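Residue numbers (the working numbering): 137 to 374.
For reference, the structure is listed below as structure tokens.
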């Protein structure tokens, strides 16, 4: 990893919230330097150079020259930083000294290149599952990123941590069996069952009843019965 930045820091003698506000009003941010067998030193640094380091290709893994006024230069990294939640304005930074002969544990980003065969020719979908891995190595061996070509990734095939291209000086601490990326089939949307149209209930059958079937009514006598009764009455008169 190339050493491209130099951070100049001024020792701070005042502490507390009011001192931090004065430091920020002066165009700098408070910070602290520690590690590497040296003392803890409260400092003030230019937030713009810290922002440039964070936005560089190596980001938090960048190693730079730290020049604290009155002290010998040392190599350092950004261990932590605090930012204003709304606008992202830097508020504080922690810097740690780096010993050249001591291995570091850190996370490195994974970058992919190429278009998978499973997407281009087989109509699959590429899923990028794991975007960084944890490694251990000496400061000078820290890679800016781990780049892998996924052009040969076919449908159903998985790219695992064990498949990542690593140099002999870098030890991977992440589980080698973890899936980094794969190409999967597009799941067809389940067919919705046809909506059944509920049949309208049939109208009740109306049965017409004659007068004789109506409850409480007697049937009208037939014509022959009327004639017989009339003749009987005539005979009784005579």
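We treat Cβ as the ideally placed atom computed from N, Cα and C, and that holds for glycine.
Model, not experiment: these values are computed from the prediction.
Proximal residues to residue i (C-beta, below 7 Å), its chain only, five neighbours per side dropped
i: residue 306; result: 271, 273, 277, 279
i: residue 228; result: 165, 166, 167, 217, 218
i: residue 185; result: 141, 143
Nonlocal neighbours in the same chain, by C-beta distance under 8 Å from residue i, ignoring five residues either side
i: residue 205; result: 144, 145, 146, 147
i: residue 193; result: 280, 281
i: residue 200; result: 139, 140, 141, 142, 143, 189, 211, 212, 213
i: residue 152; result: none
Sequence-distant residues of its chain with Cβ nearer than 6 Å to residue i (five each side left out)
i: residue 258; result: 291
i: residue 262; result: 252, 255, 319
Where residue i falls, given that 16 or more other Cβ within 10 Å makes a residue buried
i: residue 265; result: exposed
i: residue 309; result: exposed
i: residue 317; result: buried
i: residue 231; result: buried
i: residue 301; result: exposed
i: residue 254; result: buried
i: residue 154; result: exposed
i: residue 179; result: buried
i: residue 150; result: exposed
Delimiting residues of the alpha helix (DSSP H) encompassing residue i
i: residue 184; result: 183-190
i: residue 248; result: Counting along the chain, residue 248 falls outside any alpha helix (DSSP H), though it belongs to the beta strand (DSSP E) covering 240-249.
i: residue 376; result: In this structure the chain extends from 137 to 374, so residue 376 is not present and cannot be described.
i: residue 156; result: 153-161
Residue i and residue j closer than 8 Å at C-beta
i: residue 296; j: residue 267; result: no
i: residue 252; j: residue 286; result: yes
i: residue 320; j: residue 224; result: no
i: residue 208; j: residue 233; result: no
i: residue 275; j: residue 226; result: no
Nearest candidate by alpha-carbon position, reference residue i, set the options
i: residue 171; options: 238, 189, 196; result: 238
i: residue 215; options: 283, 289, 169, 304; result: 169
i: residue 182; options: 159, 176, 155, 294; result: 159
i: residue 382; options: 154, 179, 288, 284; result: Since the first residue of the chain shown is 137 and the last is 374, residue 382 is not available in this structure.
i: residue 241; options: 195, 256, 269; result: 269
i: residue 244; options: 195, 222, 156, 221; result: 195
i: residue 174; options: 288, 202, 222; result: 202
Endpoints, the beta strand (DSSP E) within which residue i is located
i: residue 212; result: 210-219
i: residue 167; result: 165-170
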